[in-house]
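Protein chains in written order, with this note's numbering: chain A, 1 to 318; chain B, 1001 to 1318. Where a beta carbon is used, it is the ideal one built from N, C-alpha and C, also for glycine. Following: one structure in structure tokens, then a few remarks.
Protein chains: 2
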Amino acid sequence: MEQENRLKNFADKIISSDKRSVARALSIIENEDSNSEELLKLLYKHTGNAYRIGITGPPGAGKSTLTNNLIKLLKEKGYKIGVIAVDPTSPFTGGALLGDRIRMQDSGLLEDVFIRSMATRGSLGGLSKSVVEACDILDASGKDFIIIETVGVGQSELDIAQTADTTIVVLVPESGDSVQAMKAGLMEIADIFVLNKSDREGADGIVSTIKNIIHLKPPSKDNWIIEVLKTVGSQNKGTEELFNEIMKHKDHLEKTGYLKLKRKDNLNKKIKGLIHNKLEVEFWDRKKLEFLDGKIDDILIKKEDPYSFVEEITGIKN
Amino acid sequence: MEQENRLKNFADKIISSDKRSVARALSIIENEDSNSEELLKLLYKHTGNAYRIGITGPPGAGKSTLTNNLIKLLKEKGYKIGVIAVDPTSPFTGGALLGDRIRMQDSGLLEDVFIRSMATRGSLGGLSKSVVEACDILDASGKDFIIIETVGVGQSELDIAQTADTTIVVLVPESGDSVQAMKAGLMEIADIFVLNKSDREGADGIVSTIKNIIHLKPPSKDNWIIEVLKTVGSQNKGTEELFNEIMKHKDHLEKTGYLKLKRKDNLNKKIKGLIHNKLEVEFWDRKKLEFLDGKIDDILIKKEDPYSFVEEITGIKN
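In structure tokens form, the structure reads like this:
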């Protein structure tokens, strides 16, 4: 009961936007603390008000600089902003490589801007869950916009980006970049393309290439037309245009009802993921772990096959 | 019974290395056909003889060319080779982007070399499973070496690479590449580093950087010393040295017993993955899907929270 009250107080502080409580909540999420689910339960009805912007693209595209510029602009316009930046962890350096993040610190010091780096620990499936939960925390704390910045280089990272309402894919004019981006699946998830460092040679050629690729795509169900914007992040050029395009997309999603559909789809995935985790945790009791442990060597030396073993331990036939 | 016999005949043909049967088996795997598990069951005791080489690295590092060179060399030495190349799918082009693969076709025409491109369909978790199963098919068909080529840019792709016995990480001398590779987690999984296109400017600098980073790493449990090799794929330079280093690593793993440990670890993961899938398929019967469908709108408008719903549908309390 006391524990329950304490959690309720904690949740109230988050909802009232207390910065230290928000920071602590994000740590609880990231560490997959046993309290995290109860906390999210309390916060859930306060979520759904923030608009979520995903910023993704290959390494070195200048995502952090763009995010920085966007933060400053949103701040000037009086919005409350939260940022989740996803960095892969290097186990031997013992944490996320913070090079990019350091550059973002000047925005981090601004009031009403909350920036958090999250690292991959073990599976990215787990990270994806944590990132969405972290967004929920920031959302419940009253942010107007949440920016999710990920290195868009693998399917799981793209999955993270897709939890956003608007996904921005950032490319640079380096040769081959656009084709490589296609290969990485970036083309499929973009609501807006940004060609950053567009003062470099070859920029217009890449813009044409991207536009051609967009034309190859069947029109989206919601009839949104994907634009290719040019920015120069280091000179803060094109930020206002990017903001306007985001708002245009937001408006489009709201008017067509696709925002609700998109969020419903994400909620569906979230619920299925939660169930998946629960089933797994429930399944692996000590007895089953010991059973696997006792059999694995036999399976390794081909005395038994893994498929029959799985049928046996689950009791589920093919 | 007839079905069982037919499957048994099919498995026998694969074991006797019949190329068309192998191709068909790979399609069955890729399409997650209902027969695939029964087939893998029959083949399982014929697996474990092939040595699996993972080749990974950022887009544009020249992995396909290196793979090509390695195939030719292995072929000259009289080995039977299978190759699984993993390409992300582009839904709107309707298949994997085959640019790189086309260049590999001359190897594909060689006898005793079996090359297959696999694309991501939906989740990469699923792909990872399919790739391992495809390797098992090739393994059972009597290949000596299996090369798994992946774009090493996301955690899931790295997971795929790690199913190999020896993992080669390919980098190029482009500035920033080594740091980006670290960020992508490539540094953690390399048994051998290859600096390809090492005739380009800056090559020696990058080799030093990689070596410095290797030194930062705590020594591996099996005391393997990671080398950084230089290649020029387009001129087929360094291929022999790479082959020798692979064989040195193979020898090391076998002598220290770490090959068995590594494969045991992979088997453990495989079994857990199979169980995970089975539990999920078993859980989602029509009744539960309808139950979710009936509740999702209430959850979306915050009448109920997803965490309580998950407790209800699974019957598993926190």
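Proline 306 of chain A, buried or exposed, once every other Cβ within 10 Å from all chains shown has been counted against 16: Counting from 1 along the first sequence, the entry for residue 306 of chain A is found at position 306. It counts as buried.
Those residues which DSSP pairs with valine 1194 of chain B across a bridge: To locate residue 1194 of chain B, count along the second sequence from 1; it is residue 194. Note: valine 1194 of chain B sits in a beta bridge opposite B:Val1170, B:Leu1229.
Three or more C-beta pairs below 8 Å linking the stretch 28-45 of chain A and the stretch 191-209 of chain A: no
Can you tell me whether arginine 200 of chain A is helix, strand or coil according to DSSP? Position 200 of the first sequence holds residue 200 of chain A. Note: arginine 200 of chain A maps to coil in three-state DSSP.
What residues are listed by DSSP as bridge partners for phenylalanine 309 of chain A? In the first sequence, counting from the first residue as 1, residue 309 of chain A sits at position 309. Beta-bridge pairing links phenylalanine 309 of chain A to no other residue.
Could you say if the stretch 140-154 of chain A and the stretch 210-219 of chain A meet the contact criterion of at least three C-beta pairs nearer than 8 Å? no
In chain B, what lies closer than 7 Å to valine 113 of chain A by C-beta? In the first sequence, the residue the question calls residue 113 of chain A occupies position 113. Simply none; closest approach about 24 Å.
Using the three-state DSSP reduction, which class does alanine 1134 of chain B fall into: helix, strand or coil? One-based indexing of the second sequence puts residue 1134 of chain B at position 134. It is helical.
Can you tell me whether lysine 197 of chain A is buried or exposed, with buried defined as 16 or more other CB within 10 angstroms of its CB? Indexing the first sequence from 1 puts residue 197 of chain A at position 197. With 16 or more Cβ atoms within 10 Å of its Cβ, lysine 197 of chain A is classed as buried.
Where does lysine 1019 of chain B fall in DSSP's three states? The count along the second sequence starts at 1 and reaches residue 1019 of chain B at position 19. If DSSP states are grouped into helix, strand and coil, lysine 1019 of chain B belongs with the helices.
Let me know the secondary structure DSSP gives lysine 237 of chain A once reduced to three states. As a working note, residue 237 of chain A is residue 237 in the first sequence. Three-state result, lysine 237 of chain A: strand.
Run through DSSP, which three-state label would glutamate 1254 of chain B get? On the second sequence, residue 1254 of chain B is found 254 positions in, with the first residue counted as 1. Note: glutamate 1254 of chain B maps to helix in three-state DSSP.
Could you tell me whether the stretch 217-225 of chain A touches the stretch 45-56 of chain A, using the rule of 3 or more Cβ pairs below 8 Å? no
Can you list the residues of chain B that serine 308 of chain A reaches, using a CB-CB cut of under 7 Å? As a working mapping, residue 308 of chain A is identified with position 308 in the first sequence. Near serine 308 of chain A (Cβ distances below 7 Å), the residues of chain B are Lys1041.
Closer than 8 Å by C-beta to tryptophan 284 of chain A: which residues in its own chain qualify, once you throw out the five before and the five after it? Chain order, please. Locating residue 284 of chain A in the first sequence gives position 284, counting from the first residue. Closer than 8 Å at the Cβ level, and outside the excluded window around tryptophan 284 of chain A, lies no residue.
Would a C-beta distance cut-off of 7 Å place valine 310 of chain A and isoleucine 1275 of chain B closer than the cut-off? Position 310 of the first sequence, counted from the start, is the residue given in the question as residue 310 of chain A. Position 275 of the second sequence, counted from the start, is the residue given in the question as residue 1275 of chain B. Yes, they are a contact pair.
Residue nearest to aspartate 37 of chain A in terms of C-alpha spacing, selected from A:Glu4, A:Asn68, A:Arg20, A:Ile296: On the first sequence, position 37 is the one that residue 37 of chain A refers to. Reading off the sequence shown, one finds glutamate at residue 37 of chain A, where the question assumed aspartate. Checking every option, the nearest Cα to that of glutamate 37 of chain A belongs to A:Glu4.
Checking contacts by CB at 7 Å: is isoleucine 137 of chain A closer than that to chain B? Along the first sequence, one-based indexing puts residue 137 of chain A at 137. No, no contact with chain B.
Does DSSP put serine 117 of chain A in a helix, a strand or coil? Taking the first residue of the first sequence as 1, we reach residue 117 of chain A at position 117. The answer is strand: DSSP assigns serine 117 of chain A an E or B state.
Can you give, in chain order, each stretch of the alpha helix (DSSP H) that sits fully within the stretch 1263-1305 of chain B and has at least 4 residues? 1286-1300
Going along chain A, which residues have a C-beta under 7 Å from histidine 1276 of chain B? Working through the second sequence from its first residue, we reach residue 1276 of chain B at position 276. Neighbours of histidine 1276 of chain B on chain A, chain order: Glu280.
Sort B:Lys1077, B:Lys1270, B:Ile1301, B:Ile1313 by Cα distance to phenylalanine 1291 of chain B and report the nearest one. For the purposes of this step, residue 1291 of chain B is identified with residue 291 of the second sequence, where counting begins at 1. Looking at the Cα atoms, B:Ile1313 is the closest of the given residues.
Following the continuous alpha helix (DSSP H) through isoleucine 1398 of chain B, name the residue where it begins and the one where it ends. Coverage of chain B is limited to positions 1001 through 1318, which leaves residue 1398 of chain B absent and any answer about it impossible.
Are the C-beta of leucine 1305 of chain B and some C-beta of chain A separated by less than 7 Å? Counted from its first residue, the second sequence places residue 1305 of chain B at position 305. The sequence shown places aspartate at residue 1305 of chain B, not leucine. So, interface residue.
Considering only C-alpha positions, which residue in the set A:Lys80, A:Ser64, A:Leu74, A:Lys77 is nearest to valine 86 of chain A? One-based indexing of the first sequence puts residue 86 of chain A at position 86. Comparing Cα positions, the closest option is A:Ser64.
Which residue wins for smallest C-alpha separation from alanine 1061 of chain B, given the options B:Val1083, B:Ser1234, B:Asp1159? What you label residue 1061 of chain B is simply residue 61 of the second sequence in a count that begins at 1. Closest by alpha carbon: B:Ser1234.
How is proline 91 of chain A classed by DSSP in three states: helix, strand or coil? For the purposes of this step, residue 91 of chain A is taken as the residue at position 91 of the first sequence. At proline 91 of chain A the pLDDT is 28, less than 50, meaning the model places this residue with poor confidence and gives no usable figure here.
So, is serine 1016 of chain B buried or exposed, given that buried needs 16 or more other C-beta atoms within 10 angstroms? The count along the second sequence starts at 1 and reaches residue 1016 of chain B at position 16. Exposed, by the Cβ-count rule.
Three or more beta-carbon pairs under 8 Å between the stretch 233-253 of chain A and the stretch 1251-1265 of chain B, yes or no? no
Chain B residues whose Cβ lies nearer than 8 Å to that of arginine 263 of chain A: Working through the first sequence from its first residue, we reach residue 263 of chain A at position 263. Correct list: Leu1300.
As assigned by DSSP and simplified to three states, the class of alanine 1140 of chain B: One-based indexing of the second sequence puts residue 1140 of chain B at position 140. Helix, per DSSP.
To the nearest angstrom, how far is it from the Cα of lysine 80 of chain A to the Cα of leucine 1300 of chain B? By one-based count along the first sequence, residue 80 of chain A stands at place 80. By one-based count along the second sequence, residue 1300 of chain B stands at place 300. Using only the alpha carbons, I get a separation of about 23 Å.
With 16 other CB atoms within 10 Å as the buried threshold, where does arginine 116 of chain A fall? As a first step, residue 116 of chain A is located in the first sequence; it is residue number 116 there, counting from the start. Label assigned to arginine 116 of chain A: buried.
Spatial neighbours of lysine 13 of chain A in its chain, beta-carbon cut-off 7 Å, leaving aside the 5 residues before and after: Counting from 1 along the first sequence, the entry for residue 13 of chain A is found at position 13. Result list for lysine 13 of chain A: Ser21, in chain order.
Mind checking whether valine 1170 of chain B and glycine 1057 of chain B have CB atoms under 7 Å apart? As a working mapping, residue 1170 of chain B is identified with position 170 in the second sequence. As a working mapping, residue 1057 of chain B is identified with position 57 in the second sequence. Result yes, Cβ atoms of valine 1170 of chain B and glycine 1057 of chain B sit closer than 7 Å.
Would you report the Cα separation of isoleucine 296 of chain A and glutamate 304 of chain A, rounded to the nearest angstrom? Taking the first residue of the first sequence as 1, we reach residue 296 of chain A at position 296. Taking the first residue of the first sequence as 1, we reach residue 304 of chain A at position 304. Taking the straight line from one Cα to the other gives about 9 Å.
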